[in-house]
Structure formats: C-alpha cells, structure tokens
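Novice: Before anything else, here's the structure in question.
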Amino acid sequence: MIWEKLKALLGIEAKEPMVFHEEWIDILRQNVPLYAHLPEELRLRLHERIAQFISTIRFEGCGGLELTESMILTVAAQACLLVVQRTGRPYPKLSAVYLYPTTFSSLRQRRDAQGIVSEGEVHRLGESSRWGTVVLAWDSVAHGARYIHDGDNVTFHEFAHQLDHEDGPTDGAPALPSGAAYRTWSHVFHDNYADFLQRTDEGTEKVLDAYGATNPAEFFAVATETFFEKPQKLYDERPEMYAELARYYRLDPREWME
6 MIWEKLKALL GIEAKEPMVF HEEWIDILRQ NVPLYAHLPE ELRLRLHERI AQFISTIRFE
66 GCGGLELTES MILTVAAQAC LLVVQRTGRP YPKLSAVYLY PTTFSSLRQR RDAQGIVSEG
126 EVHRLGESSR WGTVVLAWDS VAHGARYIHD GDNVTFHEFA HQLDHEDGPT DGAPALPSGA
186 AYRTWSHVFH DNYADFLQRT DEGTEKVLDA YGATNPAEFF AVATETFFEK PQKLYDERPE
246 MYAELARYYR LDPREWME
C-alpha cells in the first residue's frame with residue numbers, strides 16, 4: 006500500500022533520518038503551485054509537517070480510487086500549510102483521510118422548523134467529521150490545489166473544519182489560547198459574519214463565497230480558503246478579520262502571494 010510505503014520512509018519508525026526527496030518536491034511544485042510561493046524557511050518547515058502528517062494519519066482510497074504518492078502528498082501539503090507553525094502532531098484528533106475519485110454521497114439529517122427530522126442523500130466534494138476523519142473528492146482536491154487565486158480549495162475548507170472541531174463544538178471558533186483571544190475572535194467574526202450575510206443577501210459581497218452564509222462554521226472555513234488564496238483582497242475588505250486569521254495561523258500570506 007502506497008501510504009504504508011511513504012509512512013515507512015517518513016515516520017518515526019523509519020530506518021534513516023527523514024529526507025524529503027527531490028521527486029516529492031517536484032510533485033508539490035507541479036500539483037500545488039502555492040508551494041513555490043512560500044519562503045524557503047517555510048517550505049522546509051512544511052516538509053517536516055508533511056512527514057509528521059503522513060506518518061500519523063492513515064490514507065485510504067475509496068470508490069475504486071488507487072492512491073498514488075502524488076495524491077497523498079498533494080492533500081498533505083495543503084492540510085499542513087494550515088498548521089505549519091504548530092508543534093506536535095499536525096491534527097491530533099484526526100485518524101484517517103479517505104479519498105474518492107470524484108463527488109461522493111453521504112446521508113444527512115435535517116430538522117425543519119417544526120422539529121421534524123428527515124434523512125436524505127447529499128452529494129459532496131468533501132466532509133470533515135469531529136470523530137477523526139476527512140473525506141475528499143480527489144478531482145476537487147486537484148482542481149483546488151491547481152488554481153491558487155480563486156479562493157476555492159476543498160482541502161483548506163475541510164481541514165479548517167478539523168481545526169474548528171478541536172475545542173468541541175463546530176461553531177466557527179477554533180481552539181484559541183485564552184479567554185481574551187476567544188472574546189476578540191467572537192467580536193470580530195460576529196460583526197464580519199453579520200455584515201457578510203447582509204452583503205450576500207444584497208448581492209454586494211466581493212470576496213467571500215456565498216456558501217459561508219450557511220452558518221458560522223462554514224463562514225470560518227470559507228474565510229480560511231480566502232485567507233490563503235486571496236489574502237490581499239480579504240485584507241482590503243475585512244482587515245480586522247484578516248488580522249485574526251493571521252494571528253491564529255501565525256502566517257501572513259500577503260508576504261508571499263501576489
């Protein structure tokens with residue numbers, strides 16, 4: 006299994022010190038153009054995080070998809086960019102990533118205004134579970150990685166949800182270091198979410214995708230996509246929210262994205 010092969014090369018049980026092979030760098034340059042924009046120091050740090058990610062999180066192909074090194078590295082690089090400045094395991098609550106070749110189906114419960122619960126099948130590009138799994142459609146992963154200025158990246162989106170899960174409720178506020186940090190985050194994101202809902206309703210929102218209007222959790226995930234792919238536009242339109250994201254991710258993509 007290709008994941009086990011990579012794990013043997015990169016994991017804690019590897020017989021030799023971790024070396025990020027040139028062929029893997031070539032894969033990232035080809036599949037994840039954002040990688041080439043990163044400063045050298047950040048790229049080296051990303052290599053370390055990718056190694057930790059692959060050695061601790063299982064990858065499985067689903068729906069007939071045969072995994073390749075290229076697929077695993079493409080997902081891992083994008084997921085790890087969100088946590089490149091962290092220490093320890095990249096996603097301590099995550100156990101597995103499942104890749105489908107394209108859009109997959111899952112069951113979803115809905116509760117109407119009268120409290121009646123119904124269940125139906127929905128088609129998805131990605132799904133993040135608080136119980137330690139991420140499911141992705143490979144064609145959407147590849148497309149999102151390739152186009153780095155459109156603010157549409159399913160991997161960033163679903164792994165932002167993973168970060169949101171870490172402190173319990175999936176509510177648009179990831180784990181933060183202090184009560185003061187939560188209060189500032191709540192104030193900034195509440196105000197920006199309210200403004201975003203109004204602009205979306207009026208058709209005047211210029212930067213964030215309308216899917217963010219679904220709920221605060223989706224707003225945070227959409228904001229994360231935009232932060233990494235349209236940083237200057239997000240900063241121009243919503244500077245306080247951009248500052249909160251930059252503080253949380255400990256990155257300022259404006260420095261390396263044109």
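Residue numbers for the sequence shown follow this note's numbering, beginning at 6 and rising by one. C-beta atoms are modelled at their ideal positions from N, C-alpha and C, and glycine is treated no differently.
#1: Just curious, the alpha helix (DSSP H) that F194 is in, first and last residue?
#2: Relative to the alpha-carbon of D144, which residue among G131, I153 and P44 has its alpha-carbon at the smallest distance?
#3: Of the residues W29, A84, R151 and A41, which one's Cα is nearest the Cα of E74?
#4: Would you mind reading off the limits of the beta strand (DSSP E) that contains S134?
#5: When you compare the stretch 48–67 with the stretch 82–99, are there three or more beta-carbon pairs, one atom per stretch, that lie closer than 8 Å?
#6: Is it true that the CB of A165 sits closer than 8 Å to the CB of F224?
#7: Just to confirm my understanding: we take H154, look at its own chain, exclude 5 residues before and 5 after, and list those with CB closer than 7 Å. What are they?
#8: Secondary structure at R63, three-state DSSP: helix, strand or coil?
#9: According to DSSP, A101 sits in a beta bridge with which residue or residues?
#10: Return the chain-ordered list of same chain residues with a C-beta closer than 6 Å to the C-beta of S133, the five sequence neighbours on each side being excluded.
#11: Is the distance from the Cβ of L87 to the Cβ of Y240 below 8 Å?
#12: Expressed to the nearest angstrom, what Euclidean distance is found between the alpha-carbon atoms of V193 and E71?
#13: Rounded to a whole number of angstroms, what is the C-alpha to C-alpha distance between L250 and M262?
#14: Count the other CB atoms within 10 Å of the CB of E260; is the residue buried (16 or more) or exposed (fewer)?
#15: With a 10 Å radius around its C-beta and 16 neighbouring C-beta atoms as the bar for buried, classify H170 as buried or exposed.
#16: Alpha carbon to alpha carbon, what distance is there between A84 and V102?
#17: Taking the Cβ atom as the reference point for each residue, do I322 and L39 lie within a distance shorter than 8 Å?
#18: Mapping DSSP to helix, strand and coil, what is Y254?
#19: Are there 16 or more other CB atoms within 10 angstroms of the CB of E45, so buried, or fewer, so exposed?
Specialist: So, from the listed chains and residues:
#1: Here residue 194 is taken as the residue at index 189 of the sequence shown, counted from 1. In the DSSP assignment, F194 falls within the alpha helix (DSSP H) that extends over G184 to E207.
#2: Walking along the sequence shown from the start, residue 144 turns up at place 139. Out of G131, I153 and P44, G131 has the C-alpha closest to the C-alpha of D144.
#3: Taking the first residue of the sequence shown as 1, we reach residue 74 at position 69. Closest option to E74, Cα to Cα, is W29.
#4: Translated into positions along the sequence shown, residue 134 becomes position 129. Element bounds for S134: G131 to S134.
#5: yes
#6: What you label residue 224 is simply residue 219 of the sequence shown in a count that begins at 1. What you label residue 165 is simply residue 160 of the sequence shown in a count that begins at 1. No, they are not a contact pair.
#7: As a first step, residue 154 is located in the sequence shown; it is residue number 149 there, counting from the start. Residues E234 and K235 of the same chain have their beta carbon placed closer than 7 Å to that of H154, with the five preceding and five following residues left out of the count.
#8: As a first step, residue 63 must be located in the sequence shown, where it is residue number 58. Three-state result, R63: strand.
#9: Position 96 of the sequence shown, counting from 1, holds the residue named residue 101. Paired residues: R63 and T138.
#10: Residue 133 sits at position 128 when you count from the first residue of the sequence shown. Around S133: V139, E163, H166 and Q167.
#11: Looking up residue 87 in the sequence shown gives position 82. Looking up residue 240 in the sequence shown gives position 235. Contact: no.
#12: Translated into positions along the sequence shown, residue 193 becomes position 188. Translated into positions along the sequence shown, residue 71 becomes position 66. Their Cα atoms are separated by approximately 43 Å.
#13: Numbered from 1 along the sequence shown, position 245 holds the residue referred to as residue 250. Numbered from 1 along the sequence shown, position 257 holds the residue referred to as residue 262. Each residue's alpha carbon lies about 16 Å from the other.
#14: As a position in the sequence shown, residue 260 is number 255, starting the count at 1. Counting Cβ neighbours within 10 Å, E260 comes out exposed, since fewer than 16 surround it.
#15: Here residue 170 refers to the residue found at position 165 of the sequence shown. It is buried - the Cβ of H170 has at least 16 other Cβ atoms within 10 Å.
#16: Residue numbering aside, residue 102 sits at position 97 when the sequence shown is read from its first letter. Residue numbering aside, residue 84 sits at position 79 when the sequence shown is read from its first letter. When only Cα atoms are considered, V102 and A84 end up about 11 Å apart.
#17: Only positions 6 to 263 of the chain appear in this structure, which leaves residue 322 out of reach.
#18: As a first step, residue 254 must be located in the sequence shown, where it is residue number 249. Correct three-state label for Y254: helix.
#19: Here the question's residue 45 lines up with position 40 in the sequence shown. E45 comes out exposed.
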